[in-house]
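Take a look at the structure set out below.
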Amino acid sequence: MTESATTADPTARHYDREFVRTFFTSPTAVEGEDDSAKMLRSAAQLRGMRAPDVWVPDNEDATAPSMRAEGVRNIVDVVREHGAAVPGEIHPRVVWHRDDPQTRYRGFQQILEITDPENGAVEHIDGFVIPEVGGVDDWKKADEFLTIAEREHGLDPESLSMSVIVESGEAELAMGDLREEMGKPANNLQRLFLLVDGEVDYTKDMRAMTPTGELPPWPELRHNTSRGASAAGLVAVDGPYDDIRDVEGYRERMRENRAKGMTGIWSLTPTQVEVANTAPLPPESGRWLLEVDGREIELDAEEGRHVYRGDGLGLEETGTGQYVLRAGGDEQTLDADELREELLDRAAYVPSMDDIVDSMEAFEDAKDAGKGAIAMTREATLEIDGVAVEHSTDRMWDEATYQAAKTPITLFQDVYEHRPDQHDDLEQRYGADVVERATNVG
Amino acid sequence: MTESATTADPTARHYDREFVRTFFTSPTAVEGEDDSAKMLRSAAQLRGMRAPDVWVPDNEDATAPSMRAEGVRNIVDVVREHGAAVPGEIHPRVVWHRDDPQTRYRGFQQILEITDPENGAVEHIDGFVIPEVGGVDDWKKADEFLTIAEREHGLDPESLSMSVIVESGEAELAMGDLREEMGKPANNLQRLFLLVDGEVDYTKDMRAMTPTGELPPWPELRHNTSRGASAAGLVAVDGPYDDIRDVEGYRERMRENRAKGMTGIWSLTPTQVEVANTAPLPPESGRWLLEVDGREIELDAEEGRHVYRGDGLGLEETGTGQYVLRAGGDEQTLDADELREELLDRAAYVPSMDDIVDSMEAFEDAKDAGKGAIAMTREATLEIDGVAVEHSTDRMWDEATYQAAKTPITLFQDVYEHRPDQHDDLEQRYGADVVERATNVG
Amino acid sequence: MTESATTADPTARHYDREFVRTFFTSPTAVEGEDDSAKMLRSAAQLRGMRAPDVWVPDNEDATAPSMRAEGVRNIVDVVREHGAAVPGEIHPRVVWHRDDPQTRYRGFQQILEITDPENGAVEHIDGFVIPEVGGVDDWKKADEFLTIAEREHGLDPESLSMSVIVESGEAELAMGDLREEMGKPANNLQRLFLLVDGEVDYTKDMRAMTPTGELPPWPELRHNTSRGASAAGLVAVDGPYDDIRDVEGYRERMRENRAKGMTGIWSLTPTQVEVANTAPLPPESGRWLLEVDGREIELDAEEGRHVYRGDGLGLEETGTGQYVLRAGGDEQTLDADELREELLDRAAYVPSMDDIVDSMEAFEDAKDAGKGAIAMTREATLEIDGVAVEHSTDRMWDEATYQAAKTPITLFQDVYEHRPDQHDDLEQRYGADVVERATNVG
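Residue numbers (our numbering), protein chains in the order written: chain W, 1 to 442; chain V, 443 to 884; chain D, 885 to 1326.
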């Protein structure tokens, strides 16, 4: 259980983890196995990068309705036996529906049984995941059941956190009211932890259609979830990416999400967990990107130069110090300055963890020397179509830039503090020296 | 009139149509014609795919201010004479403005006259369209006038539905409050039916500008309208597409809208009505798409293969079981597995109505057999640049996938139930057998 | 000071400027200069296109914390000396933070000192900029301090306007409640003027990350800011564009913003001010655009033809009156009508100020002649790949189209009325005749 905490400021995060990278669901009872809890048991024993930040024994969609009673018993048994050693947090998902009181009552009964101290599992349970919530009044019903369970079983108030799956228009709207509602004496919504998008059911609820049956991208939903989390001090998590074989697509989705402030994502397999645990961490080495035909192409580092090998971009140096640049079927003649201008638009650098720590330390030194803002310069030799070009960018850093650049480091430090089982992986990835500087900076 | 209905759950749809594909406006009185009601009369006699789901005799923008008194008389005459035979619903648009009490009063008077039983039109009138609404308090004023009209004329309470044109920032915000407001005893907003975007006036109200004077795409407005409809049990309709000759652009806009959950769209001509009545229905035959340079190209079916004829994508098989793939000026060498990976990203299948019914039936059988989830596999031979590649995708279907995939079928069934005048067109399109299976599945 | 004004309708703008193109911040005190107010002094003396619509002596982020006391004195001195001659409005930014009462108290003290009549600056101060606001209750705290300052110093009620920097999720949500809150007797939020996005701190608050450290585009934030401004009668301004050398990127950002209804943008240098003052004004001459590979290419006007010189699009006329069009690696054979269709999608015209005035006058004449709608036709000879094609578009104009098309002219008229120091630049740009017609139309 997370230590109980109440606070005046609803936007102050008051739970252990500041970031959640991975939300991994496991069926609680599978029919036809000699041990119906087999998948729960193996999930509970994951360690390192294959172990999620939040593990969700899923007694709802992942488990057949006929197996859910047995699923509750399996959750209790497996969590009692393995819970203490699980590296992440444990948040079972129970059944719930905004339109069905019977389902809500069954969810309440599941909560009561799982949290019964006599079953010996509750001390390892961090909270519950409530699916299919509607407007904020529906959220309060689930909150009330958790409050009753805590009192009934003599647990600390708000020691059970509550996470919701946002899979209806009503729930999306509710995220705009949380700050107002969380303060009120008649509820304990301060227990809220994760806002998790559920795009499949959301698509159904919105009655959306695509020609191929693929899910729509729902950028506004993800923005509103991320904003709701930010405004109420919660953590935003994206829904399942169900094309399990498409690893690059999964990574691309997470890149998009992070640009929206949504760091976490659902994982359906230990492999997806590993990918999603790694993706938000800064890369071990920096690299240059070049925009070609609207796509960002990674350049090959080679003897201090960064080389573009494709033929989507052509560059030629004429005798007269002029350059001819071919791009997307068009051709323009540029002088050295115009070419520099053009490359400022096209070239970008992806800093490594090491680079980020360097920049932060540089700014901290400047601040100690009484400077409010400094220019961070980065230089490189880019080679395009055999022509080498000296490239240089600089960006003004002030306190705000520093704070914004700090986020990946804060994430790293949060991971390092709460996931000792991943220390080896991290040191292997970055080297002990970088890890140490990254844990101390800021 | 729609049968009166009140419900505890505001998100439950309580009107006849679940979906509205087409919202077709007609001027109510045109100057200089010997019969000023000519356009009304011809619109009232449209049948089949050229007849809209919702017909809107438009006594606002489409009709000159000087002709609107005559327009009201024309609405009454034409609806009395032809209303019984009109296949869709009839929702006249009256004048209204959030900032002008006089205009609102004129709108009230138009409502009173059109709904006067002595005029013999009201029994065919399903509701009214209110343009230029502001915040939700302004919506309540229109609702109140409809309530008074019902009482004054002895009509059933809430028998007149109310649809609004969202063409201001205030109205966009109001859509977030509907669920809260609809329950309240002091209004009858349960009568709400359509939320219709009006992008031209919205653009003016937002003071937006584009270099060419084209309307901005307003994706967030359309999302918020669709979400508002979903959260309050209403139907979302997009605004007019005024480049009447650009049929492909109109279709593309509807594709975008459906991915947002917005199934309906405004139509300005019977031709647009026909296109928009057809667009949301599943295709009669399936087809494969291939992503090339960020565009989706349709493949030609040919003796069991699906052939890409363009040269935006190049593929070559080297002796050693390796493949060379050219795309967007770049070239990569792939083994068979990597090529499969690549095609998983690029190729997609657009299922026919027949395919969707098959998948639904397959899942229903699996469910009866006690399975919670099954993999749906689809295989095909793709031919790129003369090289044939075996392609296979599979997707996990669970209850949620099934429910989401069902939407186009639910739409079809809604159309089939309420538009007998379109049965011939539908059977011509799909064949009697597919139509019958589609009406019975789910 | 803006003349005091209260109004029943919160969406009615009740301050001098209808539009604000430029929001230019200057450090209030720079260490190590013999005159720490040097930058303030030079900014105060900018005139013409290099002078901003709103000038912001910035006593927050742009000024080192240790210099802010001196900064307040500098504001008072420079505004007293130069304020009367500053062509735009003057809105100092003071310190503030939603999470820190001490910072808010310091901001209150800065306001009190700057507005003290004995300092002789207040008569030139139009209002204050409050950064880092939270929910609407936090906005009310700043509003209350301004109310107290006005009473304390015997100023007219609401004579000091208030602008906020939106740089948190809470503040983004607050913009949805302004209309409701502004009416209430316990506050004077009617004094609100600008809603300014602050994407750097917003990115930090949302904990967003991008691989290169660039700011995310935040389209939803900008939409919500523009909508909030529209719904509450305020003016929306985008945040700083910190890559100062990338002028084209700055222009592109403003183009995007205007399509969202956000006309104003932050400027960091007099050069950015000049670019941003000019960008929203209609061009002096019209031009044709052609969409090639998803990019809009400007055509070269040449002896009455508009020529595409790139090779991204190929066109060939076959003997049989057929055309072969090559685009993005694909080739299609079209007859004359299909080619026209295709060009309707690809070609677009950017009207000059002159063109816009012509169209408005044409519609006004039609209206006087009793017509509700007319078709505006535009014809041109386009030359693609050496092949000349006659092109013609027409668009229906009704009252709503007219009103929407009017926005750039309204902007021009607003500029012309409030910025006499820019009259010479405007006449040089457009010629005296066009300027005169543009100031009289509508």
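Note that the Cβ used here is the ideal one computed from N, Cα and C, for glycine as well.
No experiment lies behind these values; they were computed from the predicted model shown.
{"Asked": "Under a Cβ-count criterion, where at least 16 other Cβ atoms within 10 Å of its own Cβ denotes burial, should THR557/V be classed as buried or exposed?", "Found": "buried"}
{"Asked": "Which of helix, strand or coil does DSSP assign to LEU1218/D?", "Found": "strand"}
{"Asked": "Let me see if you follow: with CB-CB separation under 7 Å, is ASP647/V close to chain D or not?", "Found": "yes"}
{"Asked": "DSSP state of PHE19/W, grouped into three classes?", "Found": "coil"}
{"Asked": "For chain W, find out if any of its Cβ atoms is closer than 7 Å to the Cβ of VAL940/D; answer yes or no.", "Found": "no"}
{"Asked": "From THR891/D to ARG510/V, what does the alpha carbon distance come to, in whole angstroms?", "Found": "Caution applies to THR891/D, whose pLDDT of 40 falls short of 50 and renders its modelled position unreliable; the value that the coordinates give is listed next. Taking the straight line from one Cα to the other gives about 32 Å."}
{"Asked": "Give the C-beta separation of ALA935/D and ASP1305/D to the nearest angstrom, bearing in mind that I take them to be a contact with Cβ-Cβ under 8 Å.", "Found": "6 Å"}
{"Asked": "For a quick check, are the C-beta atoms of SER1236/D and SER1169/D less than 7 Å apart?", "Found": "yes"}
{"Asked": "Check each candidate in ASP647/V, ASP585/V, VAL749/V and ARG729/V and name the one with the smallest Cα separation from TYR791/V.", "Found": "ARG729/V"}
{"Asked": "Taking only the alpha-carbon atoms, compute the straight-line gap between GLY1315/D and THR654/V and give it to the nearest angstrom.", "Found": "22 Å"}
{"Asked": "Under DSSP, the alpha helix (DSSP H) around GLY549/V begins and ends at which residues?", "Found": "543–556"}
{"Asked": "Under the DSSP definition of a beta bridge, which residues are partnered with PHE145/W?", "Found": "For PHE145/W, which the question treats as bridged, DSSP gives no partner whatsoever."}
{"Asked": "So what does DSSP say about TYR241/W, is it helix, strand or coil?", "Found": "coil"}
{"Asked": "By alpha-carbon positions, which one of ARG419/W, ALA85/W, GLU248/W and PRO408/W ends up nearest to ALA438/W?", "Found": "PRO408/W"}
{"Asked": "Can you list, in chain order, the residues of its chain with a C-beta nearer than 8 Å to that of THR1265/D? Leave out the 5 residues immediately preceding and following it.", "Found": "GLY1188, ARG1189, HIS1190, ALA1272, VAL1273, GLU1274 and HIS1275"}
{"Asked": "Residue range of the beta strand (DSSP E) that GLU423/W falls in?", "Found": "Looking at the sequence provided, one finds His at residue 423/W rather than Glu. Segment 423–430 is the alpha helix (DSSP H) holding HIS423/W; no beta strand (DSSP E) there."}
{"Asked": "Whose C-alpha, out of GLN1206/D, ASN1141/D, ALA1231/D and GLU1225/D, is nearest the C-alpha of ASP1219/D?", "Found": "GLN1206/D"}
{"Asked": "Consult DSSP for THR1202/D and reduce its assignment to one of helix, strand or coil.", "Found": "coil"}
{"Asked": "Helix, strand or coil, according to DSSP, for TRP538/V in the structure here?", "Found": "coil"}
{"Asked": "Per DSSP, which residues does TYR1134/D bridge with? Please list them.", "Found": "According to DSSP, which records beta bridges pairwise, TYR1134/D is partnered with nothing at all."}
{"Asked": "Pick out whichever of SER478/V, SER601/V, ALA591/V and THR645/V has its Cα sitting closest to the Cα of ALA1288/D.", "Found": "THR645/V"}
{"Asked": "How would you label GLU1263/D, buried or exposed, when you count the other beta carbons within 10 angstroms and need 16 or more for buried?", "Found": "exposed"}
{"Asked": "What residue from GLY562/V, ASP787/V, LEU785/V and GLU758/V has the CA that sits closest to THR775/V's CA?", "Found": "GLU758/V"}
{"Asked": "Do ASN630/V and LYS582/V come within 7 Å of each other at the CB atom, strictly closer than that value?", "Found": "no"}
{"Asked": "Is VAL443/W helix, strand or coil when you go by DSSP?", "Found": "Summary: the structure shown does not reach residue 443/W, with chain W confined to residues 1 through 442, and so no result is reported for it."}
{"Asked": "Can you name the start and end residues of the beta strand (DSSP E) that SER352/W belongs to?", "Found": "Premise fails: SER352/W is in no beta strand (DSSP E) and is neither H nor E."}
{"Asked": "For PRO211/W, decide whether its Cβ has a neighbour in chain V, counting only Cβ atoms nearer than 7 Å.", "Found": "yes"}
{"Asked": "Under the three-state reduction of DSSP, which class applies to GLU738/V: helix, strand or coil?", "Found": "strand"}
{"Asked": "Whole angstroms is fine: what's the gap from VAL462/V's alpha carbon to GLU594/V's?", "Found": "30 Å"}
{"Asked": "Within 10 angstroms of its Cβ, does PRO65/W collect 16 or more other Cβ (buried), or is it exposed?", "Found": "exposed"}
{"Asked": "To the nearest whole angstrom, what separates the beta carbons of PHE466/V and VAL498/V, a pair I think is in contact under 8 Å?", "Found": "6 Å"}
{"Asked": "Check whether the segment 604–620 of chain V touches the segment 1239–1257 of chain D, counting contact only when three or more Cβ pairs, one atom from each stretch, lie closer than 8 Å.", "Found": "no"}
{"Asked": "With 7 Å set as the bound, which would you pick, yes or no: does the beta-carbon of ALA846/V sit closer than that to a beta-carbon of chain W?", "Found": "yes"}
{"Asked": "Closer than 8 Å, Cβ to Cβ, to anything on chain V: give me those residues from the segment 143–176 of chain W, in chain order.", "Found": "SER168, GLY169, GLU170, GLU172, LEU173 and GLY176"}
{"Asked": "Report back the beta-carbon spacing between VAL537/V and ARG548/V to the nearest angstrom; my notes put them in contact at under 8 Å.", "Found": "5 Å"}
{"Asked": "Going by alpha carbons, who is nearest to GLY1123/D out of THR912/D, GLY1018/D and ASN1141/D?", "Found": "ASN1141/D"}
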